[in-house]
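Protein chains in written order, with our numbering: chain V, 26 to 496; chain L, 26 to 496; chain Z, 26 to 496; chain C, 26 to 496. Virtual Cβ for every residue (Gly too), placed ideally from N, Cα, C. The structure appears right after this line, and notes come after that.
4 protein chains.
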Amino acid sequence: GMWISGKQHTGPPLMTVLQDLSKIHNSKTRATSLFEWLISPLAPADFFRNIWEQKPALIKRDNHRYYDGLFSTTEFDRILREDNVKFGVNLDVTSYTDGTRETHNPPGRALPLVVWDYFKNGCSLRLLNPQSFCRTVWNVLSVLQELFGSMVGANTYLTPAGTQGFAPHYDDIEAFVIQLEGKKHWRVYNPRNNSEFLPQFSSVNFRDRDIGEPILETVLEAGDLLYFPRGFIHQGDCLPDAHSLHITISSYQRNSWADLLEKVLPAALQVAVEEDVEFRKGLPLDYLEYMGVQHADLKDPRRDAFIQNIQSLIKKLSDYAPVDAAVDQKAKNFLHDCLPPVLTPAEKTHSVHGAPVTLDSGKVKDDTLQIELETKICLLRGGIARLCSEGDACLLYYSSENSRIYHRDEPNYMEIAAEHVYAVEYLIHAYPRYVPVRSLPCSHEDEKLTVATILFEKGLLTTREQLNPLR
Amino acid sequence: GMWISGKQHTGPPLMTVLQDLSKIHNSKTRATSLFEWLISPLAPADFFRNIWEQKPALIKRDNHRYYDGLFSTTEFDRILREDNVKFGVNLDVTSYTDGTRETHNPPGRALPLVVWDYFKNGCSLRLLNPQSFCRTVWNVLSVLQELFGSMVGANTYLTPAGTQGFAPHYDDIEAFVIQLEGKKHWRVYNPRNNSEFLPQFSSVNFRDRDIGEPILETVLEAGDLLYFPRGFIHQGDCLPDAHSLHITISSYQRNSWADLLEKVLPAALQVAVEEDVEFRKGLPLDYLEYMGVQHADLKDPRRDAFIQNIQSLIKKLSDYAPVDAAVDQKAKNFLHDCLPPVLTPAEKTHSVHGAPVTLDSGKVKDDTLQIELETKICLLRGGIARLCSEGDACLLYYSSENSRIYHRDEPNYMEIAAEHVYAVEYLIHAYPRYVPVRSLPCSHEDEKLTVATILFEKGLLTTREQLNPLR
Amino acid sequence: GMWISGKQHTGPPLMTVLQDLSKIHNSKTRATSLFEWLISPLAPADFFRNIWEQKPALIKRDNHRYYDGLFSTTEFDRILREDNVKFGVNLDVTSYTDGTRETHNPPGRALPLVVWDYFKNGCSLRLLNPQSFCRTVWNVLSVLQELFGSMVGANTYLTPAGTQGFAPHYDDIEAFVIQLEGKKHWRVYNPRNNSEFLPQFSSVNFRDRDIGEPILETVLEAGDLLYFPRGFIHQGDCLPDAHSLHITISSYQRNSWADLLEKVLPAALQVAVEEDVEFRKGLPLDYLEYMGVQHADLKDPRRDAFIQNIQSLIKKLSDYAPVDAAVDQKAKNFLHDCLPPVLTPAEKTHSVHGAPVTLDSGKVKDDTLQIELETKICLLRGGIARLCSEGDACLLYYSSENSRIYHRDEPNYMEIAAEHVYAVEYLIHAYPRYVPVRSLPCSHEDEKLTVATILFEKGLLTTREQLNPLR
Amino acid sequence: GMWISGKQHTGPPLMTVLQDLSKIHNSKTRATSLFEWLISPLAPADFFRNIWEQKPALIKRDNHRYYDGLFSTTEFDRILREDNVKFGVNLDVTSYTDGTRETHNPPGRALPLVVWDYFKNGCSLRLLNPQSFCRTVWNVLSVLQELFGSMVGANTYLTPAGTQGFAPHYDDIEAFVIQLEGKKHWRVYNPRNNSEFLPQFSSVNFRDRDIGEPILETVLEAGDLLYFPRGFIHQGDCLPDAHSLHITISSYQRNSWADLLEKVLPAALQVAVEEDVEFRKGLPLDYLEYMGVQHADLKDPRRDAFIQNIQSLIKKLSDYAPVDAAVDQKAKNFLHDCLPPVLTPAEKTHSVHGAPVTLDSGKVKDDTLQIELETKICLLRGGIARLCSEGDACLLYYSSENSRIYHRDEPNYMEIAAEHVYAVEYLIHAYPRYVPVRSLPCSHEDEKLTVATILFEKGLLTTREQLNPLR
């Protein structure tokens with residue numbers, strides 16, 4: 026593992042960081058900037074070159090207040106009081122004692138009195154997806170997802186002093202463990218073998234004797250960060266003198282080349298079947314007599330020829346792989362997974378949400394803003410929408426109307442008329458530049474206005490100037 | 026197309042052929058022998074080398090009685106009287122008049138009075154899967170399936186003089202049209218383009234203007250045969266002076282390399298993911314910014330690198346393809362599709378079906394036959410059973426208990442204990458040789474007897490000598 | 026229980042009985058006649074007045090051959106050899122030893138060798154629904170169902186000497202235990218209490234200590250019959266010196282007034298809601314405050330008024346009960362449960378099955394029989410079809426196309442056009458009289474012919490004279 | 026219809042009403058008090074005696090501000106801006122022009138810009154279940170549901186001047202139309218016939234010619250109320266000079282005697298079958314020969330006897346009707362339908378929600394409140410929970426954890442141990458009295474504390490004194 030430590034490391038408080046971010050127009054730049062603060066003093070470029078998906082990293086800052094404002098036990102308590110938190114759905118009560126991992130969820134709503142009683146009795150509390158309840162976490166994750174191009178999630182863990190809540194295990198995600206309060210003793214172990222390095226699925230709970238010696242052992246204090254790739258086994262326990270609150274930010278679940286190949290291969294086979302008769306030819310009349318597990322040890326030249334033909338067809342398949350279409354399937358899933366954007370005040374006043382339409386005495390006020398040919402427009406986020414073709418239709422998938430609750434709604438999309446496709450594509454490629462509606466590649470001016478209005482009304486656009494209700 | 030004709034061609038009647046077949050022990054040889062008679066004077070080897078999956082073939086024999094005994098209108102009438110034939114399930118009433126194809130099935134049972142009334146009024150009758158009702162057809166198809174290694178099916182078509190029952194179309198199977206009574210005017214057309222040659226799915230009904238000029242036009246008379254590969258468009262109509270009865274024997278539905286690849290590819294990907302970390306690595310952080318249909322026209326070196334990586338992974342996939350396991354999946358499906366074997370009298374007396382066990386006054390007669398160590402045994406058919414591994418278990422799939430009704434029952438299989446696997450494999454490889462039970466590779470003699478008894482009791486074995494009830 | 030015994034009782038053999046039955050036109054009379062033979066020397070009228078649904082009855086005939094021809098171990102063996110009998114579906118292998126009831130069904134087909142081996146080892150064999158495999162049983166049950174107006178089923182039981190196959194229990198059907206071979210020791214017990222007399226569902230397996238002393242104990246010998254109503258506990262075991270084969274014929278499963286009320290009540294409520302506003306009025310605003318289990322002990326006049334209103338509404342419901350429509354629902358289910366009729370030779374030649382239509386050289390022979398206005402027609406069986414109204418349509422349900430396999434097919438029915446309803450009803454009411462087609466109450470002569478032809482073609486009619494093919 | 030009008034009618038503003046309500050302990054009294062204000066100057070007792078479920082009533086107050094604070098277009102606009110309102114799910118855009126009723130919902134989120142554009146173009150807006158978004162509506166409905174003992178729902182309707190949004194129709198609920206802004210011209214018509222008076226289901230859209238002359242025609246102005254029972258046809262349209270905003274509060278959907286009978290009848294039949302052998306006796310052997318629609322016209326004494334028996338069984342059924350158990354089924358459904366209670370500040374501090382448990386530096390503060398034997402407790406609402414028996418278990422269903430979104434969650438319930446049932450029942454019957462924990466009828470003091478704690482922790486109890494954290 027790689028170690029960074031030494032003297033105290035300081036940085037701007039999160040609220041200032043978020044305020045500063047709101048002045049950055051490009052959502053990708055915003056994401057990088059926030060991530061830079063998150064892993065400072067490591068540089069993102071170095072991190073992704075030398076550490077990401079390779080080995081754990083530890084950042085000790087000797088600055089307990091570095092992450093202040095992100096999440097706290099006070100916020101945890103507020104959520105329990107104000108939100109309809111359900112045991113087993115949003116909150117898990119767990120313990121790990123003498124090698125035994127247990128879950129203690131009762132049914133129904135998790136009211137503070139009951140929750141804190143479990144905590145007093147030594148149980149750990151895992152709040153799932155705090156972004157559903159906490160606006161700051163929502164904001165941070167929704168910004169970061171533009172960097173990762175893959176869903177960014179989170180869980181928070183509150184552990185009583187002197188206890189451990191979970192057995193040693195590895196996860197299927199890249200994990201950023203951010204210590205928020207108190208401290209926790211962590212041990213990280215190498216994957217047990219090559220095939221458990223960067224695994225597709227999480228492990229079962231291990232026993233100590235299964236996992237060897239830790240490669241990294243530390244006490245994480247508030248303000249510190251610990252990163253480890255998927256497959257690295259880990260366990261954390263509280264010292265007798267301090268409780269612990271941390272949030273784990275995660276990404277890259279099922280986001281490997283194999284996950285893309287799962288989409289590519291059936292599509293490639295379909296294309297190959299259509300275009301290449303070699304794929305459609307019948308199998309040899311007698312292949313069942315020498316192929317199959319019961320014939321695996323047979324020495325027979327027909328086996329070699331058969332296997333060679335399969336292998337050569339698989340290789341040919343690469344010529345037929347519709348990679349872009351398969352990427353679109355992943356992109357669609359990602360847009361469905363995405364958090365909706367958190368809008369800055371300026372973004373509100375420069376988008377449909379700031380449209381000064383109101384009713385007065387049952388009349389719509391006549392100063393409705395108008396998109397005009399000279400209006401300069403830009404997508405609200407780099408990754409907020411994506412054009413995908415489906416059969417003959419062209420669909421625009423988008424995340425602006427997603428719920429903060431993971432997958433509560435179906436994917437959102439709208440069909441784009443053939444004559445508008447180039448204009449939408451033009452806007453996507455223009456990002457982060459503002460372009461006048463007049464510049465959209467449509468044959469008629471009213472179609473340019475139509476495209477702009479459709480996207481604007483779905484909350485997908487910002488305008489450079491505030492649409493002036495008084496003009 | 027290839028033409029064979031000339032002077033009269035004769036051969037033994039089917040009943041003699043079947044009787045002779047019953048003297049051939051090896052089921053594969055039986056199948057070839059029956060097929061030889063079917064396409065005589067073409068030789069099977071020539072047929073499969075020069076015609077099969079390549080082009081139509083016509084065999085005119087000037088011998089109306091060549092196929093006598095296979096199926097007839099008398100048999101058709103008997104089936105209607107004796108069996109519970111259902112419209113829409115077992116029998117279709119159709120017409121094709123002035124370019125319009127119609128189906129006229131009423132609900133319920135197809136009683137002869139009603140069926141023949143439709144026929145009198147110019148409708149064609151298609152009896153589906155006559156093997157369910159007619160023992161000879163069942164016998165012929167069950168023998169042939171050992172040659173093709175793929176389900177062999179059949180339909181019979183009875184058409185009134187001067188009418189046509191079906192629109193021009195192509196099928197997804199290799200078709201052997203066997204004229205049984207009367208005559209029919211046939212036209213066969215080339216596939217409309219390369220991608221409809223050896224297609225995976227049948228076509229819609231065509232109009233005449235869609236299909237060009239026939240490459241083969243003939244009047245098929247009783248005793249003649251017409252073969253054409255899947256994808257070749259065809260239509261047949263009756264001359265004003267004669268009705269027609271033919272049976273179409275078919276095979277090779279969804280039996281192409283692509284159909285096997287459908288099984289191979291997901292399995293290969295799974296193996297590759299387990300063994301090769303390159304498949305498990307994360308996708309590039311920014312791939313959604315240059316990949317996907319909306320970026321298809323982008324000139325960006327990252328695109329080339331991305332596509333190249335996908336292609337190289339697909340090529341590497343061929344190293345991980347578990348071809349034998351995938352073949353077993355096809356083999357399992359084939360065994361589920363198979364007709365059960367039709368046993369010859371000798372096979373009955375030399376298998377479990379001939380076991381002379383009976384009851385007398387409520388007592389089981391004590392002369393139950395016994396499999397002993399010296400008993401010489403052999404599988405009943407070369408393709409009657411197949412060892413497949415499923416997870417950790419080893420399963421023997423078999424067709425001896427299948428129904429004559431397609432897929433009426435679930436696939437039949439039994440788990441083979443680890444210590445019996447080699448013995449079962451040994452028997453499979455020994456086919457068509459008889460081997461003594463003593464020679465089975467088991468550690469104990471009683472296990473040899475157990476394996477033999479289990480398979481014998483499921484009807485999968487024949488014994489060389491009749492098990493003597495009097496010993 | 027009631028006992029009948031004494032000196033030897035003889036009667037005609039079953040084959041003669043069935044032959045004689047075939048001369049009886051009225052299917053209801055046939056049924057009574059066959060039942061008379063079955064329970065002779067008891068008279069059916071006495072039986073139904075004094076015994077049926079009241080108490081067990083024992084008929085000892087001292088005539089081992091009385092039921093010869095109905096079913097036998099030889100027939101059992103034939104079925105195993107020729108039919109695809111499946112363990113667990115058609116055949117159960119059971120034992121009851123030292124108070125423990127076990128089922129030993131292996132998977133797959135029940136081949137004789139394996140079945141008889143179980144038997145030799147002391148297992149009982151229960152062949153379910155022998156009517157699916159044995160024509161005589163099918164014939165007997167299909168005749169009897171006309172008497173009972175409720176499905177008549179059967180199971181056969183073959184038990185080795187000195188063993189017992191089943192634990193003491195009671196069934197949900199009226200049972201006629203007919204001893205066919207060997208003998209069996211039977212004990213019958215009273216229902217344990219009033220609420221288990223004529224129960225709707227079968228019992229669990231009892232232990233001896235649960236059931237008290239038998240009210241009837243006997244050794245049933247071939248030719249004897251034992252009847253007991255549902256709810257009477259029973260057990261049978263074989264003496265050391267003889268095996269036993271018996272068939273249990275059963276009826277009246279779920280055929281009680283309550284089963285009819287299940288259909289009547291929802292329909293009655295629907296009618297009442299439509300016609301009587303008292304049913305549609307809202308519940309009292311405060312009813313939840315004094316009604317419900319938590320208030321059951323409350324003394325409150327509002328409770329009395331509430332309960333009184335519910336009770337008076339239930340009583341009013343009886344005025345709205347659409348009894349005939351509910352009976353039709355039961356009748357439809359019965360027709361679905363029914364076995365198809367076994368036709369006598371005369372019935373074949375006087376119905377659609379005897380229609381001398383055939384093909385000759387692909388031509389339908391022109392001597393098709395014709396229903397004419399003077400043709401005298403009659404339903405094939407009294408209970409073969411039933412007119413039911415469904416919504417606005419009038420449907421004729423019928424059993425002539427049922428399968429011998431219980432519920433293998435969906436219920437068979439055809440819609441009857443409004444102008445034909447009276448004619449169909451007329452034919453139903455006319456049974457068992459033959460009436461000329463001319464007498465059907467239709468407005469036009471061709472409609473009379475249409476009705477007759479439709480029913481004739483579905484196999485629902487016989488004609489008085491054989492339709493002459495030579496006319 | 027009944028008319029109330031005359032000079033101006035005033036009353037306290039809603040906020041004052043709600044404040045005053047919070048001082049009333051008994052939730053039933055609260056409900057009546059709020060309803061009194063709603064229909065003032067009508068008295069609730071008069072209303073329920075003379076009008077409810079009988080005829081429409083109109084209350085004109087000449088006081089536009091009477092209902093101020095309940096709902097407004099400003100609130101409507103706020104909801105669109107802040108909440109994720111979905112077209113078709115939460116909001117319908119409709120029009121009724123020249124006799125044609127249309128729905129114009131686009132897919133996705135209803136953003137204000139788009140919604141108000143529809144309105145400007147003459148469409149009506151129906152916001153469904155405003156209680157999900159508006160706390161005051163939630164509060165009002167959750168109070169009223171205690172009066173009606175049946176779900177209380179609401180929709181709001183915003184209609185542009187000079188338009189109509191809906192066709193004439195009748196509903197399946199009791200409707201209170203409350204005019205909030207502008208005015209609307211209403212016409213109410215008698216049910217078309219007796220069977221449409223108090224119907225179970227809503228009507229289709231009618232045409233003017235179907236519905237006769239109105240029995241009540243008025244212009245409803247802000248501050249007015251119009252009530253009509255289910256079955257009364259109605260239509261409302263805006264005058265050219267004013268838009269309209271109204272909220273319709275509804276109740277008594279499927280809450281009639283028939284709806285209860287639907288639960289009672291199957292349960293009564295089940296009891297009768299168990300207790301009374303007359304229900305279990307078999308139907309007459311021959312009943313299918315004289316009963317059923319095809320025999321409906323038959324003169325046969327057996328028909329009379331049969332029908333009489335059915336009718337007498339139905340009448341006897343009333344003796345077996347488990348009315349309380351059936352009421353519990355309705356009560357369970359009602360509790361599932363219920364809105365969760367809106368807690369007053371005092372209720373918060375005197376219930377689990379005010380429990381002063383918090384975390385400080387990861388430690389639970391030790392001043393957790395304690396339920397003690399002397400603590401005086403009371404259910405939070407009269408109707409918040411209900412004991413129902415299910416099989417052998419006793420379940421307490423409750424509404425305190427319901428969602429504001431209709432049926433978003435499954436019904437909430439907990440099993441009550443047998444030794445706690447009387448204590449829970451005691452608390453239910455004690456309502457609205459406070460009782461000391463010591464008085465609970467349990468055998469041990471710690472069980473009294475357990476019962477109280479369980480209910481307290483689920484939010485079902487209030488304590489008389491605030492549980493003092495400083496004691």
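Remark: C-beta atoms of residue 310(Z) and residue 73(C) approach each other more closely than 8 Å. Apart from the 5 residues on each side of it in sequence, residue 281(V) sits with its Cβ closer than 8 Å to the Cβ of 223 and 225 in its chain, given in chain order. In this structure, residue 488(L) lies away from residue 384(Z), with their beta-carbon atoms at least 8 Å apart. Distance from the CA of residue 133(C) to the CA of residue 119(C), rounded to the nearest whole angstrom, comes to 16 Å. Partner residues in the beta bridge of residue 212(L), as assigned by DSSP, are 242(L) and 260(L). Within chain Z, the C-beta atoms nearer than 9 Å to that of residue 267(L) come from 386 and 387, in chain order.
Partner residues in a beta bridge of residue 106(L), as assigned by DSSP, do not exist. Per DSSP, residue 177(V) lies in no beta strand (DSSP E) and is assigned neither H nor E. As computed with DSSP, residue 307(L) is found in a beta bridge with 281(V). Put simply, the CB of residue 138(C) is near chain V, with a gap under 8 Å to one of its CB atoms. Per the coordinates, the alpha-carbon of residue 243(C) lies some 7 Å from the alpha-carbon of residue 212(C). Annotated three-state conformation of residue 473(L) is helix, per DSSP.
In the DSSP assignment, residue 450(C) is bridged to no other residue. Residues of chain Z whose Cβ lies closer than 7 Å to the Cβ of residue 145(L) are, in chain order, 389.
Inclusion of residue 315(V) and residue 327(V) in the CB contact set at 8 Å is warranted, their separation being smaller than that value.
The beta-carbon distance between residue 420(L) and residue 440(L), rounded to whole angstroms, is 6 Å. This is short enough to meet the 8 Å contact definition.
Not flagged as an interface residue toward chain V: residue 89(C), since no C-beta distance is shorter than 8 Å. In the structure shown, the three-state DSSP call for residue 93(L) is coil.
Inclusion of residue 128(L) and residue 155(L) in the CB contact set at 8 Å is not warranted, their separation being larger than that value. Around the Cβ of residue 430(L), a 10 Å sphere holds fewer than 16 other Cβ atoms; the residue is exposed.
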